[in-house]
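Student:
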Amino acid sequence: MKTVELLSPAKNKQTAFAAINSGCDAIYIGASDFGARKNAPNSLEDIKEIVDYAHKFYVRVHVTINTILADDELEKAEKLIHQLYDIGVDAIIVQDMGILKLAIDGKLPPIELHMSTQCDNRTLEKAKFFADLGASRVILARELSIDQIKEICKNTACEVETFIHGALCVSYSGQCYMSHYIGGRSANRGECAQACRKKYSLIDENGNIIAKDKYLLSLKDFNASKHLKELIDAGVKSFKIEGRLKDENYVKNVTAYYRKEIDKIAQKTSSGEVFLDFEPDVKKSFNRGFTDYFLPLTSSSDTLSLKGRGENIFNFDTPKSLGEYLGKITKVSKDYFEIGKNILNPQDGLFFDGQGCLVNKVVGYKIYPNKMPIIKEGVDIYRNFDAKFEKQLTNSKTKRRIKVDFVFENDILKATDEDKNSVQIKLTPGETPNNPQKMKENFVTQLNKTGESDFYTKNIAINGELPFLPISKINELRRNILAELMKERLKNYPKKYQKPLKYTNFPLKETDYRANVHNKPAKEFYEHCNCTITEMSAEFGSKPSELMRTKHCLKFAFDMCKSPQKLYLIDEKCKKYPLKFDCKNCEMVILTCEK
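Everything in the sequence shown is counted per numbering that gives the first Met the number 0, starting at 0 for the first residue and increasing by one.
Below, the structure written as structure tokens:
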């Protein structure tokens, strides 16, 4: 069996613990500054507590420092990276090349450097650049197919990480300037205002309306669960769940779901068994409907047809959570409606036809909402809040524990965990028990009582005669040997270190604002890599001509691939954005709005 890492998001300490207990192999979390989710900061004290807990299970902790940095922020970032290394953080996720220059200049500790998807990692050439540079890992763009991912894994020396679940940015990551252009909130600085989840209209050059007031840039959520084996076989080393702003119950459910799915086909990189007390179901957590995006697209597929790519990747009707599909409305009355099933509970949230309601009560098939909506028979209905399931998640006592085997022989009690860490305690010879069999039974019973510890007993072997020990002494012995075993585990934690970086040639000879160079050291980094920066970042003051480049194409969505008509997006403030189409690569570009 191959080995793959399951990487879960964490908004805060509580969510991190939930992810670890639900079975992840690693978590990624933001620190106090410089994370691409500015609304999810965490103190060093909290991160230290997370590291200490995670490392018990050989779970790794990655911290996001994946915004672009101003010159006066680099020194603060450098200090933060040293602090993170000192408290045991395993890796940092970075976008800014100024940080790489710090590493090359010998100013950073040997903490692993993972190249964020914000670096626009969608080609083999880009992945090879970071691998040749010496980065430990490259996190790929979500738009890639399995064939493309396989090619990168095969020809790249560093580890490859891919997303498998969660929200999709409509733009290539790191290449969206729309939020900054509209309101000064930069996605590359961690302040994205999610312009892609707003309403737009689509018109042609003659003013004809093709779509009016629709969520034309809003994609469904990613779900790659049916492609896990293909991705593992392709060479992916880490599976990433999106969601550093998601709540604790979301992280519990989605992490537990993928833990179960991955365990069927691969080995985990961490330790411990998860004892679940709920049945995970990703349909019950926040989702906008699911898509496997471009994963099925093969290199021989025609990108201008539906063959070879997933079902519709977008949902133009709403950017909100759909949840799980229940069926169709079968009957509508004055103050209730029916769906032909009795599966709902009071306080469930329902979504249908662009609107929603809460369930007040259920009588047989009759569903009485808190406010009777305007609804028709035949309409599809979804449950986007399962009150009973959410309560179960909230009250979950799911625990993760490490397997330990005990052997008693020659007056020595030895404890060995699932990673072959081992400690032993020599028992002081005592009086012979009156009932040796009863003594053995007591010994086994008490060694099995690992209680609230991080261990569970798998096997116990008693080879030889035990001395007499009261139950209190057996319990004390168990506690002491497990404490020593945990110390031994932590001492032997499989720490990884970043190898030295070295400059190498960048794939392009020159590049513009799309390199997101926001500080002088980043510019110097590119120069050392034989690439000229012709423009600093959009956030630095450059005027981007392209606000967004995306594989989501509105011509394709409206079956207009062969139309010569020019198309425009109109936002809710009547700003008009020209669209440009690269049909060879099936890409759409949103340009700066017309005056």
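From the three backbone atoms N, C-alpha and C, an ideal C-beta is built for every residue, glycine too.
Confirm, please, whether the CB-CB distance from K327 to I380 is below 8 Å.
Tutor: Yes, Cβ-Cβ distance for I380 and K327 is below 8 Å.
Student: Quick check: what's the CA-CA separation for E323 versus R382?
Tutor: Cα to Cα, the separation comes out at about 5 Å.
Student: So P520 is in the alpha helix (DSSP H); what residue range does that whole segment cover?
Tutor: Residues K519 to H527.
Student: Considering only the alpha carbon of each residue, which of Y567, I151 and K519 lies closest to E599?
Tutor: As shown, the chain starts at 0 and ends at 594. That puts residue 599 outside it, with no answer to give.
Student: Which runs of the alpha helix (DSSP H), 4 residues or longer, sit entirely within the segment 344–425?
Tutor: DSSP runs (the alpha helix (DSSP H)) wholly in the segment 344–425: 386–393.
Student: Taking 6 Å as the limit between beta carbons, can you name the residues of its chain near F274, skipping five residues before and five after?
Tutor: Hits under 6 Å: K398.
Student: So the beta strand (DSSP E) V159 belongs to, where does it begin and stop?
Tutor: From DSSP, the beta strand (DSSP E) with V159 extends over E158 to G165.
Student: Closer than 6 Å by C-beta to S269: which residues in its own chain qualify, once you throw out the five before and the five after it? Chain order, please.
Tutor: So the list reads D24, F56, Y57 and V58, once near-sequence residues are dropped.
Student: Give a yes or no on whether the C-beta atoms belonging to N154 and L123 are separated by under 8 Å.
Tutor: Cβ distance < 8 Å, so N154 and L123 count as in contact.
Student: Using the beta-carbon count (16 or more within 10 Å), is H597 buried or exposed?
Tutor: Residue 597 is absent from the structure shown; the chain starts at 0 and stops at 594.
Student: Just list the beta strand (DSSP E) runs in the segment 102–190, keeping only unbroken ones of 3 residues or longer that don't cross its boundaries, in chain order.
Tutor: Counting only runs of 3 or more, we get 111–114, 136–138 and 158–165.
Student: Please state the DSSP three-state secondary structure of H226.
Tutor: Three-state DSSP puts H226 in a helix.
Student: Would you mind listing the beta strand (DSSP E) stretches within the segment 190–248 that are 3+ residues and don't spill past its ends, in chain order?
Tutor: For the segment 190–248, whole beta strand (DSSP E) runs of length 3 or above, ordered along the chain, are 199–203, 208–213, 220–222 and 237–240.
Student: Can you give me the Cβ contacts of E150 inside the same chain, cut-off strictly under 7 Å, excluding the 5 residues immediately before and after it?
Tutor: Excluding positions up to five away in sequence, the list reads L123.
Student: Evaluate N420 with the Cβ neighbour count: other Cβ atoms within 10 Å of its Cβ, from every protein chain shown; 16 or more gives buried, anything less gives exposed.
Tutor: It counts as buried.
Student: For N341, collect the residues of the same chain with a Cβ closer than 8 Å to its Cβ; drop the 5 residues on either side in sequence, then sort them by chain order.
Tutor: If we look at N341 and ignore the five residues flanking it on each side, its Cβ neighbours are V361, G363 and Y364.
Student: Counting along the chain, where does the alpha helix (DSSP H) carrying H61 start and finish?
Tutor: No alpha helix (DSSP H) contains H61, which is instead part of the beta strand (DSSP E) from R59 to I64.
Student: What are the complete alpha helix (DSSP H) segments, minimum 4 residues, inside the segment 446–493?
Tutor: DSSP runs (the alpha helix (DSSP H)) wholly in the segment 446–493: 470–490.
Student: Can you check which of these residues, E142, L143, L112 and K542, is closest to L132 by C-alpha distance?
Tutor: For the residues E142, L143, L112 and K542, the minimum Cα distance to L132 belongs to L112.
Student: To which residues of the same chain is Q2 closer than 7 Å at the C-beta, ignoring the five residues directly before and after it?
Tutor: The residue asked about is misnamed: residue 2 is Thr in this sequence, not Gln. Excluding residues within five positions, the ones whose Cβ falls inside 7 Å are A265, Q266 and T268.
Student: Please work out which residues of its chain come closer than 6 Å, Cβ to Cβ, to G234, disregarding the five sequence neighbours upstream and downstream, and give them in chain order.
Tutor: Closer than 6 Å at Cβ, skipping near neighbours: C152.
Student: Ignore the nearest five residues each way along the sequence and tell me which others in G182's own chain have a CB closer than 6 Å to its CB.
Tutor: Hits under 6 Å: A192.
Student: Short of 8 Å in beta carbon distance, which residues of its chain neighbour F557, apart from the five on each side in sequence? Order them along the chain.
Tutor: Same-chain partners within the cutoff: L201, I209 and A210.
Student: Quick check on the DSSP output: the alpha helix (DSSP H) that includes L6 runs from which residue to which?
Tutor: Where L6 is concerned, there is no enclosing alpha helix (DSSP H), although the beta strand (DSSP E) it sits in stretches over E4 to A9.
Student: Could you compute how far the alpha carbon of N222 sits from the alpha carbon of S452?
Tutor: So the two alpha carbons sit approximately 35 Å from each other.
Student: Tell me, which residues are paired with G326 by DSSP?
Tutor: DSSP, once it has assigned bridges, lists I380 as partnering G326.
Student: Looking at C-alpha atoms only, which residue of E4, F33 and A53 is the closest neighbour of T14?
Tutor: Comparing Cα positions, the closest option is A53.
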